[in-house]
Amino acid sequence: MKNLAVHIIIRLAIALVPIFILVNKKLNETSGNSGMGIDLPMMIAFGILIIWGIFMIFETGRFFYSKNNKMAVINLFLIVPVLFAFIYIGGM
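Quick look at the structure:
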């Protein structure tokens, strides 16, 4: 049970850090055109979320392959809300 809690906390913490960065950037947005500047924190946050998503998909597949269905289902339950948050924040 302890390993399961650590598994969930680590993966959720890795996903929540870039989501908080994205939410903060979206809430502090100013109106008007600020030019064509590159927003480095936003780009890093999106990159981390994309890498996290790819890792989670491969890890879920590995868990299903090794007959560890409990961990695979937990990964799926972590992927879905993070994916919805990612899509919602990206569409704001």
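Mapping of the sequence shown onto the numbering used here: residues 1225 to 1316, in sequence order. For each residue, glycine too, the CB sits at the ideal point set by N, CA and C. Bear in mind the structure is a predicted one, so any value in this text is a computation, not a measurement.
Whole-angstrom C-beta distance between M1280 and H1231, which should lie under 8 angstroms: On the sequence shown, position 7 is the one that residue 1231 refers to. On the sequence shown, position 56 is the one that residue 1280 refers to. Not quite, the Cβ-Cβ distance comes to about 11 angstroms (not below 8 angstroms), so this is no contact.
Rounded C-alpha distance that separates G1285 from P1305: Stepping through the sequence shown from its first residue, residue 1285 is reached at position 61. Stepping through the sequence shown from its first residue, residue 1305 is reached at position 81. Each residue's alpha carbon lies about 18 angstroms from the other.
Under 7 angstroms between C-beta atoms of L1273 and F1310: Position 49 of the sequence shown holds residue 1273. Position 86 of the sequence shown holds residue 1310. Taking 7 angstroms as the Cβ cut-off, L1273 and F1310 qualify as a contacting pair.
Extent of the continuous alpha helix (DSSP H) run through N1227: Working through the sequence shown from its first residue, we reach residue 1227 at position 3. First-last of the alpha helix (DSSP H) with N1227: 1226 to 1251.
Cβ neighbour criterion (16 or more within 10 Å) applied to P1265: Your numbering for residue 1265 matches position 41 in the sequence shown. P1265 comes out exposed.
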